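Take a look at the structure set out below.
Number of protein chains: 2
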Amino acid sequence: MYPNDGFRELDREECLRLLAKAAVGRIVHTRQALPAVLPVNFALEDDGSVLLRTSAASELVRAIDGSVVAFEADQVDVTTQSGWSVVVTGGATVVTDAAEHERLVRTGPRSWVPAPQEVFVRIAPELVTGRELVGGRTMYGLDLTS
Amino acid sequence: MYPNDGFRELDREECLRLLAKAAVGRIVHTRQALPAVLPVNFALEDDGSVLLRTSAASELVRAIDGSVVAFEADQVDVTTQSGWSVVVTGGATVVTDAAEHERLVRTGPRSWVPAPQEVFVRIAPELVTGRELVGGRTMYGLDLTS
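Same order as they appear, the protein sequences are chains A and B.
Take the first sequence: its position 22, counted from the start at 1, is 22 in our numbering, and no numbers get skipped.
Remember, our numbering sits 146 above the position in the second sequence when you count from 1.
Dropping the structure here:
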């Protein structure tokens, strides 16, 4: 979130309400000392935790387990130049508790690309920020698409 | 790009062709030692450079000028569980050459939220990677949405 850049900041409650409507977000992390970003489907828990499900053998898991990551979802309408973006920032950890893993197998997010052995990764909602742009074109009375 | 995760890797040419169709992407960087991500509109140059236009006073410019960043665009269809994601990784630099700045004022990307003083930021296409998922549901014959 960058202050004074023409966007409206969203509070935590608004952020989580919008995030609950999204099916896909992007996990932002560091890979081999470079910024990396990957779209993933996810589920949102009541406390704002973000749950991912992925192959236990995936490089993504090795890259993010125990690290602080950002998870972003957005919805932008290019025609009206309006939309929102929400970011959950916090530690990512693989769910190791067997009972919780079993619960998530039943109730957690589904894999789009199922793997023989899957794990759940939880991102703690330590920081929840968001911003909204309401009709850039209308706000300024300009046709910015020309 | 993570190998062996069920997605098809895209070559540089395919990546740039897809990126050219997108109007909005996400700039992935580091802010106050934390991963950060922000949707922005952009223009693509012939060599794959990504051009952003933003307020000269923005915190984003201070955060990314001279840093290596990732710029991601994607298109995901939740119903068919298919889509693509392209990432351009490279150094971000503010365009300081006056003649080039003038050229970009005429031909470069437009601001959705115009500011009194604007700058252009170019992200060098040092690394261009992408992946495609073609119908996760169809590929596996599973209904993953239940």
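Cβ atoms here follow ideal geometry from the backbone N, Cα and C, with glycine treated the same way.
In this text the structure is predicted, and so the values were computed from the model without any measurement.
Among the CB atoms of chain A, one or more fall inside 8 angstroms of the CB of Q227(B). Residue contact check for S85(A) against chain B: a CB pair falls below 8 angstroms. Contact with chain A is absent for R268(B), since none of that chain's Cβ atoms lies less than 8 angstroms from the residue's Cβ. Rounded to whole angstroms, the gap between the alpha carbons of V78(A) and F7(A) is 16 angstroms.
Think of a sphere of 7 angstroms around the beta carbon of A36(A): the chain B residues whose beta carbon falls inside it are A216, in chain order.
Minimum Cα-Cα distance from F217(B) among the listed residues V37(A), E72(A), L44(A) and V69(A) corresponds to V37(A).
Using a CB distance cut-off of 8 angstroms, V259(B) counts as an interface residue toward chain A.
Secondary structure within the region 87 to 139 of chain A: the beta strand (DSSP E) runs of 3 or more consecutive residues, fully enclosed, are 118 to 123 and 127 to 133 (chain order).
Among the residues of chain B, those whose CB is under 7 angstroms from the CB of V28(A) are V174, P181 and V183, following chain order. Taking a contact as a CB-CB distance under 8 angstroms, the pair E264(B) and A202(B) counts as one, their CB atoms being some 6 angstroms apart. In this structure, DSSP gives E14(A) a helical state, which the three-state scheme calls helix. Annotated as proximal: A270(B) and G236(B), with beta-carbon spacing under 8 angstroms. Per the coordinates, the alpha-carbon of V251(B) lies some 19 angstroms from the alpha-carbon of L206(B). Residue L197(B) holds the alpha-carbon nearest to the alpha-carbon of G254(B) among R177(B), L156(B), E160(B) and L197(B). Per DSSP, reduced to three states, the secondary structure at A36(A) is strand.
Chain A places no beta carbon closer than 8 angstroms to that of L190(B), leaving this residue out of the contacts. When C-alpha distances from A179(B) are compared across A209(B), W258(B) and L190(B), the shortest belongs to A209(B). The beta carbon of L10(A) sits closer than 8 angstroms to those of L18, W84, V86, T129, G130, R131 and E132, all from its chain and outside the five residues before and after it, given in chain order.
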